[in-house]
Amino acid sequence: MYKKSFFLLVVLSGLAVSLYAQDTTKRRTIEITSSFKPVLREAVKINFNAAPPQADTSKPRLNYNIPAQFLFLTYQPGEMRPVAFQGDTMKPWENYQYIKIGVGNVHFPFVQTGFTFGDEKTGQFNIFANHLSSKGDLPSQKSSLTDVKIMGTVKTAGKLEWTGSLGFKSDNYHLYGYRPDTLKFNEDDLKQFFQTYEGRLSLRNMEPTEYGLTYHPNIKVSVFTDNHSSKASEANSVLNLPLEISLGKQYAFNLGFTADLTNYRAVAPFPNQNNNVFFVTPAFMVKTSNINLQASVMPSWDNSQFHLLPNFTADISTSDQRFGLQLGFIGYYDKGSYQRYESINPWLAQPGFLLNTRVQEVYGGFKGSLDKHFSYSTKIGFNTYKNMPLFVNDTMTASGSGGKQFDVLYESSLETLQVHGELSYIQGEDFTATASLNYTNFHKLHTEPKAWGLLPLEFNTNIKWRPIPAKEFWVKADLFAFDGAQYRASDGTAFKGDGAFDLNAGVEFRVYRWIKGWVQMNDLFNKKYERWHQYPVYGFNFLGGIIISFSGK
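Under our numbering, the first residue of the sequence shown carries the number 6, and numbering increases by one thereafter.
What follows is the structure, given as structure tokens:
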């Protein structure tokens with residue numbers, strides 16, 4: 006028993022030592038030996054035999070029960086026709102230089118010139134000049150008009166456009182309209198010369214800002230003088246600050262400020278005067294394809310006197326733009342200045358003082374076109390004028406003057422009924438005809454018995470015709486007619502002046518590639534009418550010359 010146990014203990018100890026002494030660095034692997042090979046069964050294929058159904062050749066019989074429709078349509082669809090392509094009529098910028106010269110039986114010489122430089126992308130520079138001298142049959146019936154202007158435009162990379170100009174104007178007249186004509190005056194006493202120096206500067210953004218703002222500030226400064234021994238002078242400055250705020254495609258808000266300043270250096274015994282106007286112009290605007298509305302009120306100060314002016318306008322048109330209505334209730338100022346009065350009546354005397362004219366207008370009218378050539382416009386308005394300037398001969402204020410100058414009187418309140426109409430027919434560059442009519446009924450005057458010097462009726466028409474389209478030969482005609490104004494005689498009584506009918510005609514034709522010839526005949530009926538009392542016009546006169554184009558066009 007003990008021997009077996011001892012033997013078993015020795016065997017187990019030997020196994021333990023053998024296991025402990027095994028090499029553990031060898032890689033352990035398992036080898037599997039088998040003779041079995043897996044094989045997949047062959048798939049059984051399904052065979053399809055397509056057999057389309059037999060077509061149903063029988064036609065169905067459908068029965069419809071539709072009630073009778075009785076429709077009476079006035080609309081008839083228009084006929085479709087091809088329309089020729091309308092080419093772009095906008096011509097690219099071209100530099101153009103020309104001189105137009107002429108002489109005649111009354112006018113000598115006549116010179117007109119224009120020079121342009123630059124391009125449409127970066128800027129342009131222009132020079133314009135005009136000169137006309139005239140001499141009639143009456144003693145001292147002569148004048149000389151000269152106008153020179155330099156103008157430039159610069160466009161920056163920031164889409165800004167600067168525009169500036171400098172100008173000089175000289176209007177030389179002789180006061181030949183004295184009565185009786187037996188009166189004797191020195192030559193210097195009859196001279197009436199006016200000179201104007203003017204400068205302008207403006208800035209505008211060519212594209213709205215990211216906030217929809219469009220601005221165009223501008224300023225104009227001028228100095229105006231006469232030649233009299235007791236010289237009067239005037240300085241005018243106008244500052245405009247307009248701003249438009251876009252509120253979408255159809256709405257906008259305008260806000261502007263204007264300062265119109267005049268400093269008048271009068272002649273004794275009249276004192277110097279500052280005649281200033283300030284106004285603010287807020288306006289709400291609505292713009293659609295056929296409606297254009299503007300609504301605002303304008304606070305204004307006329308020499309410190311406050312006035313609230315209306316500014317309501319409406320243009321309503323049909324979808325095809327062939328007919329439109331015009332309605333308005335507006336107010337504005339006509340500036341009272343020596344310079345402006347001279348542009349109306351060059352025979353005036355030095356004003357003693359200046360007043361601004363405040364205008365309030367209510368109007369309505371319509372405009373449209375009958376076809377692609379013919380268009381029309383008409384308007385009727387009821388206006389009220391405060392401090393309206395009137396012109397009377399100085400026979401009652403200047404003894405021995407012969408009425409050769411006009412005094413400026415002011416009507417404190419004047420109402421008018423005005424009718425205006427326009428017609429035009431345009432057929433390309435071959436034929437153009439325009440006509441306009443203005444009728445004014447003056448009533449409810451408070452200060453003066455008549456509207457001295459104001460025309461009650463005016464008619465103008467202009468025709469330009471090229472008889473042969475392929476030839477550069479143009480025929481021109483102008484007609485100007487008016488009914489006489491009211492004037493004041495030396496004894497203070499009123500009388501009505503005669504009307505006028507002035508017909509002018511002329512031709513222009515190509516002589517050479519860069520030379521044109523022209524002839525102009527004025528007052529064909531030789532009617533020496535008077536626009537201003539005691540100042541007859543020249544009568545029949547002609548003028549002819551050439552146009553030289555340095556650009557070859």
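The C-beta atom is built at its ideal place from N, Cα and C for all residues, glycine as well.
Legend entry - Whole-angstrom distance between Ala288 and Phe258, CA atom to CA atom: Taking the first residue of the sequence shown as 1, we reach residue 258 at position 253. Taking the first residue of the sequence shown as 1, we reach residue 288 at position 283. If I take the Cα positions, the gap works out to 6 angstroms.
Legend entry - Own chain residues within Cβ distance below 7 angstroms of Arg515, not counting five before or after: Here residue 515 corresponds to residue number 510 of the sequence shown, with the count starting at 1. Result list for Arg515: Glu477, Lys521, in chain order.
Inset, instruction - Name the one or two DSSP bridge partners that Phe200 has. - result: In the sequence shown, the residue the question calls residue 200 occupies position 195. Note on identity: in this sequence residue 200 is Gln, with Phe being the wrong assignment. Its beta-bridge partners are Ser175, Thr230.
Inset, instruction - Could you check if Phe387 is buried or exposed, using at least 16 other CB atoms within 10 Å of its CB as the buried criterion? - result: On the sequence shown, residue 387 is found 382 positions in, with the first residue counted as 1. So Phe387 ends up on the exposed side.
Inset, instruction - Can you grab the Cα-Cα spacing for the pair Lys406 / Tyr183, in whole Å? - result: By one-based count along the sequence shown, residue 406 stands at place 401. By one-based count along the sequence shown, residue 183 stands at place 178. Looking at the sequence provided, one finds Ser at residue 406 rather than Lys. Cα to Cα, Ser406 sits roughly 7 angstroms from Tyr183.
Legend entry - Cα-Cα separation between Glu420 and Leu450, rounded to whole angstroms: By one-based count along the sequence shown, residue 420 stands at place 415. By one-based count along the sequence shown, residue 450 stands at place 445. If I take the Cα positions, the gap works out to 7 angstroms.
Legend entry - Member of Leu195, Phe436, Trp457, Pro356 whose CA lies at the smallest distance from the CA of Ile473: In the sequence shown, residue 473 corresponds to position 468, counting from 1. Ranking Leu195, Phe436, Trp457, Pro356 by Cα distance to Ile473 puts Phe436 first.
Inset, instruction - Give the range of the alpha helix (DSSP H) segment to which Glu347 is assigned. - result: The residue given as residue 347 occupies position 342 in the sequence shown. 343 to 349 is the span of the alpha helix (DSSP H), which, as asked, contains Glu347.
Inset, instruction - For the beta strand (DSSP E) holding Glu420, just list the boundary residues, first then last. - result: Position 415 of the sequence shown, counted from the first residue, corresponds to residue 420. Its beta strand (DSSP E) spans residues 411 to 432.
Legend entry - Best match in His221, Asp124, Leu484 for proximity to Phe530 [C-alpha to C-alpha]: The count along the sequence shown starts at 1 and reaches residue 530 at position 525. Closest by alpha carbon: Leu484.
Legend entry - Tyr269 to Lys236 span [Cα, whole Å]: For the purposes of this step, residue 269 is taken as the residue at position 264 of the sequence shown. For the purposes of this step, residue 236 is taken as the residue at position 231 of the sequence shown. Near 11 angstroms, if we compare the C-alpha coordinates of Lys236 and Tyr269.
Inset, instruction - Consult DSSP for Thr267 and reduce its assignment to one of helix, strand or coil. - result: Position 262 of the sequence shown, counted from the first residue, corresponds to residue 267. Of the three classes helix, strand and coil, the one that applies to Thr267 here is strand, per DSSP.
Legend entry - Helix, strand or coil at Leu459 [DSSP, three-state]: Within the sequence shown, numbered from 1, the residue matching residue 459 stands at position 454. Looking at Leu459 - three-state DSSP - the assignment turns out to be coil, as it is neither helix nor strand.
Inset, instruction - Determine the closest residue to Ala240 out of Ile250, Asn223, Leu508, Thr267, with distance taken between C-alpha atoms. - result: Numbered from 1 along the sequence shown, position 235 holds the residue referred to as residue 240. Among Ile250, Asn223, Leu508, Thr267, the Cα nearest to that of Ala240 is on Thr267.
Inset, instruction - Give the C-beta separation of Thr452 and Ser417 to the nearest angstrom, bearing in mind that I take them to be a contact with Cβ-Cβ under 8 angstroms. - result: For the purposes of this step, residue 452 is identified with residue 447 of the sequence shown, where counting begins at 1. For the purposes of this step, residue 417 is identified with residue 412 of the sequence shown, where counting begins at 1. At roughly 5 angstroms, the Cβ-Cβ gap stays under 8 angstroms, so Thr452 and Ser417 are in contact.
Inset, instruction - Quick one: using the 10 Å Cβ neighbour count with 16 as the cut-off for buried, is Asp412 buried or exposed? - result: Stepping through the sequence shown from its first residue, residue 412 is reached at position 407. Buried, by the Cβ-count rule.
Legend entry - Cβ-Cβ separation, Glu535 to Gly497 (assumed contact under 8 angstroms), whole Å: Looking up residue 497 in the sequence shown gives position 492. Looking up residue 535 in the sequence shown gives position 530. With a Cβ gap of about 20 angstroms, Gly497 and Glu535 do not count as contacting.
Inset, instruction - Along the alpha helix (DSSP H) that carries Leu195, what are the first and last residues, could you check? - result: Residue numbering aside, residue 195 sits at position 190 when the sequence shown is read from its first letter. Start and end: 192 to 195.
Legend entry - Buried versus exposed call for Ser305 [16 or more other C-beta atoms within 10 Å across all chains shown]: What you label residue 305 is simply residue 300 of the sequence shown in a count that begins at 1. Ser305 should be labelled buried.
Inset, instruction - State yes or no: is the C-beta of Asn398 within less than 8 angstroms of the C-beta of His233? - result: On the sequence shown, position 393 is the one that residue 398 refers to. On the sequence shown, position 228 is the one that residue 233 refers to. Not closer than 8 angstroms, so no.
Inset, instruction - Please report how far the alpha carbon of Trp457 lies from the alpha carbon of Arg493, in whole angstroms. - result: Counting from one through the sequence shown, the residue named residue 457 turns up at place 452. Counting from one through the sequence shown, the residue named residue 493 turns up at place 488. About 7 angstroms.
Inset, instruction - Determine, using beta carbons only, whether Tyr337 and Leu314 come nearer to each other than 8 angstroms. - result: As a working mapping, residue 337 is identified with position 332 in the sequence shown. As a working mapping, residue 314 is identified with position 309 in the sequence shown. Cβ atoms of Tyr337 and Leu314: closer than 8 angstroms.
Legend entry - For Ile431 and His378, the rounded distance between their alpha carbons: Here residue 378 corresponds to residue number 373 of the sequence shown, with the count starting at 1. Here residue 431 corresponds to residue number 426 of the sequence shown, with the count starting at 1. If you take the alpha carbons of His378 and Ile431, they lie about 5 angstroms apart.
Legend entry - Inter-residue spacing [alpha-carbon to alpha-carbon] between Leu332 and Leu260: As a position in the sequence shown, residue 332 is number 327, starting the count at 1. As a position in the sequence shown, residue 260 is number 255, starting the count at 1. So the two alpha carbons sit approximately 22 angstroms from each other.
Inset, instruction - Could you tell me which of Lys254, Phe199, Gly217 sits nearest to Ser238, measuring between CA atoms? - result: On the sequence shown, position 233 is the one that residue 238 refers to. Of the listed residues, the one whose Cα sits closest to Ser238 is Phe199.
Inset, instruction - For the stretch 209 to 218 and the stretch 183 to 198, state whether three or more C-beta atom pairs, one from each stretch, are separated by less than 8 angstroms. - result: no
Inset, instruction - On a CA-only basis, which of Phe447, Gly426, Val285, Phe500 is nearest Thr389? Give me that one, please. - result: Against the sequence shown, residue 389 aligns to sequence position 384. Measuring from the Cα of Thr389, the nearest candidate turns out to be Phe447.
Legend entry - Three or more C-beta pairs below 8 angstroms linking the stretch 366 to 380 and the stretch 317 to 334: yes
Legend entry - CB contact flag (Glu427, Tyr381, <8 angstroms): Against the sequence shown, residue 427 aligns to sequence position 422. Against the sequence shown, residue 381 aligns to sequence position 376. In this structure, Tyr381 lies closer than 8 angstroms to Glu427 by Cβ.
Legend entry - According to DSSP, residues forming a beta bridge with His448: Taking the sequence shown and counting its residues from 1, the one referred to as residue 448 is at position 443. Answer is Glu420, bridged to His448.
Legend entry - Residue span of the beta strand (DSSP E) that contains Ser148, given as start and end: Walking along the sequence shown from the start, residue 148 turns up at place 143. That run of the beta strand (DSSP E) goes 147 to 160.
Inset, instruction - Indicate the three-state DSSP secondary structure (helix, strand or coil) for Asp528 in the structure shown. - result: One-based indexing of the sequence shown puts residue 528 at position 523. Asp528 falls in the coil class under three-state DSSP.
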